[in-house]
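**Student:** Take a look at this one; I'll ask things after.
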Amino acid sequence: DAGVTQSPTHLIKTRGQHVTLRCSPISGHKSVSWYQQVLGQGPQFIFQYYEKEERGRGNFPDRFSARQFPNYSSELNVNALLLGDSALYLCASSRDLSTQYFGPGTRLTVL
Amino acid sequence: DQQVKQNSPSLSVQEGRISILNCDYTNSMFDYFLWYKKYPAEGPTFLISISSIKDKNEDGRFTVFLNKSAKHLSLHIVPSQPGDSAVYFCAARRYNFNKFYFGSGTKLNVKP
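Pasting the structure below:
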């Protein structure tokens, strides 16, 4: 079975722009979570969606938003990009709300 | 507020010996713990997990120990292999909250 897929792999944006990151979960998984990982730190939780509903939210500003589609894929949107938003964005899927399986991530660079 | 801490940024071990990676947490409401391995340019790969109702879980060369009174988690790898060289993250989930907290990672280097 295919693992979690994310697109794009890399992205370069400038301050103030908007970005959309995409994630497809493992087949049969109904939950998707988003994480931000900056260099030297562990992943920081942003959102979790289960059955298309938001089930958890981390300490991120309202510039960050997400949604889950009927096929359980998900988008993470970030508005008004700041230099500090440069990071690896990870998507993880799970069948229920326990063990999460991660995708390869999207490397976002904000100039 | 760092609720999950990995105080050793790096660890170097000889091939064939035991690797012990440690993790401490502060929130007594955590009920589920996981270890992930991460290679450069890849997402974290799930290794092993343990529920708070257990104190040990074993899967092949990997064993996770949970000491709830000390709020301490450890991962033992026996025997260590060069392919185990990676960054290891511990993570914890708070009961009834759909949120996982990660430590900052320990970089393991297994020398041939």
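The listed protein sequences derive, respectively, from chains Z and X.
Just so we're on the same page, my numbering is the position in the first sequence counted from 1, plus 13.
Just so we're on the same page, my numbering is the position in the second sequence counted from 1, plus 21.
The C-beta atom is built at its ideal place from N, Cα and C for all residues, glycine as well.
#1: Under a Cβ-count criterion, where at least 16 other Cβ atoms within 10 Å of its own Cβ denotes burial, should X/Leu129 be classed as buried or exposed?
#2: Could you tell me which whole alpha helix (DSSP H) segments of length 4 or greater appear in the region 73-107 of chain X?
#3: Would you identify the three-state DSSP class for Z/Asp98, choosing helix, strand or coil?
#4: Indicate whether at least one CB of chain X lies closer than 8 Å to the CB of Z/Thr112.
#5: Give me, in chain order, the residues of the same chain whose beta-carbon lies closer than 7 Å to that of X/Tyr122; leave out the 5 immediate sequence neighbours on both sides.
#6: Using 8 Å as the cut-off, can you tell me whether the region 28-35 of chain X makes contact with the region 74-91 of chain Z, which would need three or more C-beta pairs spanning the two stretches below that distance?
#7: Tell me whether Z/Asn72 sits in a helix, a strand or coil according to DSSP, three-state version.
#8: Can you pull out the residues from the region 94-111 of chain Z whose beta carbon lies closer than 9 Å to at least one beta carbon of chain X?
#9: How about X/Val108 and X/Thr127: do their beta carbons lie closer than 8 Å?
#10: Count the other CB atoms, across all protein chains shown, that sit within 10 Å of the CB of X/Ile71; report buried if there are 16 or more and exposed otherwise.
#11: Tell me the DSSP secondary structure of Z/Phe82 in three-state form.
#12: Buried or exposed for X/Ser49, going by 16 or more other Cβ atoms inside 10 Å?
#13: Would X/Tyr53 and Z/Ser46 be called neighbours here (beta carbons separated by less than 8 Å)?
#14: I'd like to know whether the C-beta of Z/Phe73 is nearer than 8 Å to at least one C-beta of chain X.
#15: State buried or exposed for Z/Thr119, treating a residue as buried only when at least 16 other CB atoms are found within 10 Å of its CB.
#16: For Z/Ile59, count the other beta carbons within 10 Å of its own beta carbon; 16 or more makes it buried, fewer makes it exposed. Which is it?
#17: Does any C-beta atom of chain X lie closer than 8 Å to the C-beta of Z/Pro117?
#18: Between X/Glu63 and chain Z, is the shortest Cβ-Cβ distance under 8 Å, so that the two count as touching?
#19: Could you check whether the Cβ of Z/Gln54 sits closer than 8 Å to any Cβ belonging to chain X?
#20: Thinking C-alpha only, which one of Z/Phe73, Z/Ser99, Z/Ala15 is nearest Z/Gln61?
#21: Drop a sphere of 10 angstroms on the beta-carbon of X/Tyr3, count the other beta-carbons inside from all chains shown, and report buried for 16 or more, exposed for fewer.
**Tutor:** Looking at the atomic coordinates:
#1: Burial state of X/Leu129 is buried, judged by a 10 Å Cβ sphere holding 16 or more other Cβ atoms.
#2: Fully enclosed alpha helix (DSSP H) runs of 4 or longer: not present.
#3: DSSP places Z/Asp98 within a helical segment (H, G or I) once states are collapsed to three.
#4: Judged by the 8 Å Cβ criterion, Z/Thr112 is in contact with chain X.
#5: When the five nearest sequence neighbours on each side are left out, the beta carbons in the same chain lying within less than 7 Å of the beta carbon of X/Tyr122 are those of Gln24, Val25, Ala112, Ala113, in order along the chain.
#6: Result no; under three Cβ-Cβ pairs closer than 8 Å.
#7: Z/Asn72 sits in coil when the DSSP states are folded into three classes, being neither helix nor strand.
#8: Of all residues in the region 94-111 of chain Z, Leu101, Leu103, Cys104, Ala105, Leu110, Ser111 have a Cβ within less than 9 Å of some Cβ in chain X.
#9: A Cβ-Cβ contact shorter than 8 Å links X/Val108 with X/Thr127.
#10: Buried, by the Cβ-count rule.
#11: The answer is coil: DSSP assigns Z/Phe82 none of H, G, I, E or B.
#12: For X/Ser49, the number of other beta carbons within 10 angstroms of its own is below 16, and it is reported as exposed.
#13: Inclusion of X/Tyr53 and Z/Ser46 in the CB contact set at 8 Å is not warranted, their separation being larger than that value.
#14: Contact of Z/Phe73 with chain X is not assigned, every C-beta pair being separated by 8 Å or more.
#15: By the Cβ neighbour-count rule, Z/Thr119 is buried, with 16 or more other Cβ atoms within 10 Å of its own.
#16: Around the C-beta of Z/Ile59, 16 or more other C-beta atoms lie within 10 Å, and the residue is accordingly described as buried.
#17: In terms of beta-carbon proximity, Z/Pro117 lines the interface with chain X, with at least one pair separated by less than 8 Å.
#18: Among the residues facing chain Z, X/Glu63 is included, as its CB has a counterpart in that chain under 8 Å away.
#19: At least one CB atom of chain X sits nearer than 8 Å to the CB of Z/Gln54.
#20: The candidate whose alpha carbon is nearest that of Z/Gln61 is Z/Phe73.
#21: Because chain X is modelled from 22 through 133, residue 3 of chain X falls outside the range shown and cannot be assessed.
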